[in-house]
Amino acid sequence: NAGVMQNPRHLVRRRGQEARLRCSPMKGHSHVYWYRQLPEEGLKFMVYLQKENIIDESGMPKERFSAEFPKEGPSILRIQQVVRGDSAAYFCASSPPSGGTRTDTQYFGPGTRLTVL
Amino acid sequence: DAKTTQPNSMESNEEEPVHLPCNHSTISGTDYIHWYRQLPSQGPEYVIHGLTSNVNNRMASLAIAEDRKSSTLILHRATLRDAAVYYCILNSGGSNYKLTFGKGTLLTVNP
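Going line by line, the protein sequences match chains H and X.
Just so you know, we're using our numbering here: the first sequence kicks off at 74 and counts up by one.
Just so you know, we're using our numbering here: the second sequence kicks off at 29 and counts up by one.
Structure follows, in structure tokens:
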């Protein structure tokens, strides 16, 4: 049973380019969460999505960042016009359909490490 | 969200038990206590969670104080592969799904 998959594992972009990070949740999971870990810091919640719906994007920067989880295919975190401060590890997690309760376990992927030159 | 306090770092020897403490004096009655760990260059990994009673699974044990203001994650026999940052997290409020990661405890395991 494959776990949460993220690709690419490493991504290098120049300032002003776009970064697209992909996340395939565990089989049977319909809830996806994105977190960001800046160097030497803890993980910070960014966004929570269900299929075709953004449930909570309160942790997303107001500009340049967007996320989607289409009916078919992986969830995508998109960062437009990247800046050096976007360099971080981005982790995706998923949980089963009963998601949103206090007991739900989130299963994390290996992360995408974005470096902006 | 209720706050947790953990030591910045701890050290253990291989094959010995490790007790990782967490204080959460402002925990609410319905907060679950979750533990995750993050191995170097990897994503967080669920370890265990509990509400009031002590819990055991194949990875660890969770001992919860009677007043719930603190808890202890117990690794019964530390291995080198247990070296990681361990996070104690409470799930609270309306945004149940948000995991709030603090700085955690960096566990070093000596051979």
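Every residue, glycine too, gets a C-beta built ideally from N, C-alpha and C.
In this text the structure is predicted, and so the values were computed from the model without any measurement.
Item: Beta-carbon proximity of H:Met78 to H:Ser97, cut-off 8 Å; Value: yes
Item: With 16 other Cβ atoms within 10 Å as the buried cut-off, status of X:Gly121; Value: Legend: pLDDT at X:Gly121 = 43, less than 50; position of this residue unreliable, value from coordinates given subsequently. Counting Cβ neighbours within 10 Å, X:Gly121 comes out exposed, since fewer than 16 surround it.
Item: Beta-carbon neighbours of X:Leu127, restricted to chain H and to distances below 9 Å; Value: Tyr106, Tyr108, Leu116, Phe118, Ala166 and Gln179
Item: Alpha-carbon spacing of X:Asn119 relative to X:Lys31, whole angstroms; Value: 10 Å
Item: Cβ-Cβ separation, H:Ala161 to H:Leu187 (assumed contact under 8 Å), whole Å; Value: 6 Å
Item: For X:Ser53 and H:Gly182, the rounded distance between their alpha carbons; Value: 31 Å
Item: Proximity winner among X:Asn84, X:Pro72 and X:Leu48, relative to X:Leu127 (alpha-carbon distances); Value: X:Pro72
Item: Three-state secondary structure (DSSP) of X:Arg109; Value: helix
Item: 9 Å Cβ cut-off: residues of chain H touching X:Glu35; Value: Per the sequence presented here, residue 35 of chain X reads as Pro, with Glu not at that position. Residues of chain H passing the Cβ test: none, with the nearest at roughly 15 Å.
Item: Span of the beta strand (DSSP E) around H:Glu211; Value: It is not possible to answer for residue 211 of chain H, since the shown part of chain H is limited to 74 through 190.
Item: DSSP state of H:Arg157 mapped onto helix, strand, coil; Value: helix
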